[in-house]
Amino acid sequence: RPMNTRLINSILMIAMLLLLASCSSSRNLAYLQANEPRKMAAMGASADLYDSRFKPKDLLIITVVTSEPTASRNYNLLVPQTADATNNSLYSTPTMQSYLVDNDGTIDFPTLGKIVVAGKTRKELENEIQEKLKSAFSKERPVVTIRITNYAVNVLGEVSRPGKYQTTNDRLTIFEGLALAGDMTIYGRRDNVKILRENADGSKFVIKVDLTDKDIINSPAYYLEQNDVVYVEPNKSRSRASGINAAETFSVSALSILLSLSSLLVNILLL
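The sequence shown runs 12 to 282 under this note's numbering.
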């Protein structure tokens, strides 16, 4: 019986160690757990609401609205479509035509010509176009609205649904981007997520973020920019699993059988 008692104590000790190990690894799955975030009031400009800035290859829809529809019509580009193939008559649909931001960061706007838009926020560009068009309308200041139609991010690696995701909002946080991809799997490294970003001048760089740190809200990668690539690395468990070959799989199966037989033997001894 003393031998049986020692065997039972050993099994209980192993079970406790396994339980502690599982608890330790589960802490690595939680977001926003380490450190206290700094007060936003002490961060100056970081406390302002975020606005994305235009980049080359952005597609912009620019709408000019006034009480003079005839005058503002020239600034609203509609996509023409053929109504009758026999006489090639045309009609305009409500679909707006997009302005493509060139590699030099400009667009060609009716009557105004080339306008530099790269590096500007939506509100900055709206105000600039309003000022330039003010003299074209006698009764009032035109209302100008701008939207990005191809605001998208790419999420790759250990997420449930890797892919390219578009949004109608021109502000997207890294957590919203991961949510679109179905969140990380349990095999994703939350402490070393990489964001590949391209500046308006074409330069590229990688930002590494730790999503377990509450200070992530102060990172330049907290808000994703157009065409950012978010890559979630696999953790050690996934890396080890991917390296298991057929022989190792057989060894793991044999070990599982031995553990099952050991458990059965312990139950017999306890009878």
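From the three backbone atoms N, C-alpha and C, an ideal C-beta is built for every residue, glycine too.
key: Inter-residue CB distance, LYS66 and GLN237 (contact presumed, cutoff 8 angstroms)   = Contact flag correct, Cβ pair sits at about 6 angstroms.
inquiry  = If you reduce the DSSP assignment to three classes, tell me which class GLN237 lands in.
reply    = It is coil, neither helix nor strand.
message = According to DSSP, simplified to helix, strand and coil, what is LEU71?
response = Annotated three-state conformation of LEU71 is strand, per DSSP.
message = Since MET189 and VAL166 should fall inside the 8 angstroms C-beta cutoff, what is the C-beta to C-beta distance between them, to a whole number of angstroms?
response = Contrary to the premise, residue 189 reads as Leu rather than Met in this sequence. Indeed, because the Cβ distance is near 7 angstroms, the residues count as touching under 8 angstroms.
key: Segments of 3+ residues assigned as beta strand (DSSP E) that fall wholly inside the region 117-166   = Here the runs fully enclosed are 117-120, 124-127, 154-159.
query = For the putative contact between THR160 and ILE72, defined by C-beta atoms under 8 angstroms, what is the C-beta separation to the nearest angstrom?
reply = Contact flag correct, Cβ pair sits at about 6 angstroms.
task = Grab me the residues of ARG152's own chain with a C-beta within less than 8 angstroms of its C-beta, minus the 5 sequence neighbours each way, in chain order.
result = Correct list, in chain order: GLN141, LYS145.
key: Residues bridged to THR81 [DSSP beta-bridge criterion]   = Bridge partners of THR81: none, in fact.
task = Answer with buried or exposed for GLY199, where buried requires no fewer than 16 other C-beta atoms within 10 angstroms of its C-beta.
result = So GLY199 ends up on the buried side.
query = Exposed or buried, what is LYS289 when buried is set at 16 or more other beta-carbons lying within 10 Å of its beta-carbon?
reply = This structure gives no information on residue 289, because the portion of the chain shown stretches from 12 to 282.
message = In the DSSP assignment, the alpha helix (DSSP H) including GLU187 goes from what residue to what residue?
response = Note, GLU187: alpha helix (DSSP H), 185-191.
task = Have a look at SER109 and ARG201 and give me their C-alpha separation to the nearest angstrom.
result = ARG201 has its alpha-carbon roughly 38 angstroms from the corresponding atom of SER109.
ask   = With 16 as the cutoff for other CB atoms within 10 Å, does TYR61 come out buried or exposed?
value = That one is exposed.
task = Compare the C-alpha of THR179 against each of TYR42, ALA41, GLN44, LEU70 and name the closest.
result = Nearest option by C-alpha distance: LEU70.
ask   = What's the gap between the Cα of ILE157 and the Cα of LYS125?
value = The alpha-carbon of ILE157 is positioned some 17 angstroms away from that of LYS125.
Residue from GLY116, GLN44, VAL217, VAL154 with nearest C-alpha to TYR86 = It is VAL154.
request  = Going by DSSP, name the residue or residues bridged to GLN177.
outcome  = Answer is ALA163.
request  = With a threshold of 16 other CB atoms inside 10 Å of the CB of LEU222, please say whether the residue is buried or exposed.
outcome  = Buried, by the Cβ-count rule.
query = Is it true that the CB of LEU235 sits closer than 8 angstroms to the CB of VAL127?
reply = For VAL127 and LEU235, no; Cβs fall outside 8 angstroms.
As assigned by DSSP and simplified to three states, the class of ASP226 = Here ASP226 sits in helix by DSSP.
ask   = How many angstroms separate the CA atom of ALA82 from the CA atom of LYS143?
value = Their backbone Cα atoms lie some 14 angstroms apart in a straight line.
ask   = Going by beta carbon distance, what residues of the same chain come within less than 7 angstroms of ALA129, once the five residues before and after it are set aside?
value = Answer for ALA129: PHE65, LYS66, PRO67, VAL112, GLY116, ALA211, listed in chain order.
inquiry  = Using CA atoms only, rank isn't needed, just tell me which of MET107, LYS215, PHE148, LYS131 is closest to PRO80.
reply    = Cα-wise, what sits closest to PRO80 is PHE148.
message = To the nearest angstrom, how far is the alpha carbon of LYS322 from that of GLN44?
response = Absent from the model: residue 322. The displayed extent of the chain is 12 to 282, so no value can be given.
query = If you run the structure through DSSP and keep just helix, strand and coil, what is LYS66?
reply = Residue state, collapsed to three classes: coil.
inquiry  = Output needed for VAL170: all residues of its chain with C-beta closer than 8 angstroms, excluding positions within five of it in sequence on either side, in chain order.
reply    = Excluding positions up to five away in sequence, the list reads LEU189, ALA192, GLY193, ASP194, MET195, THR196, GLY199, VAL243.
task = Please name the residue in VAL220, LEU123, ILE218, VAL240 whose C-alpha comes closest to that of PRO173.
result = If you compare the alpha carbons of VAL220, LEU123, ILE218, VAL240 with that of PRO173, the shortest gap goes to VAL240.
request  = Note down the Cα distance separating VAL204 from ASP181, rounded to an integer number of angstroms.
outcome  = So the two alpha carbons sit approximately 22 angstroms from each other.
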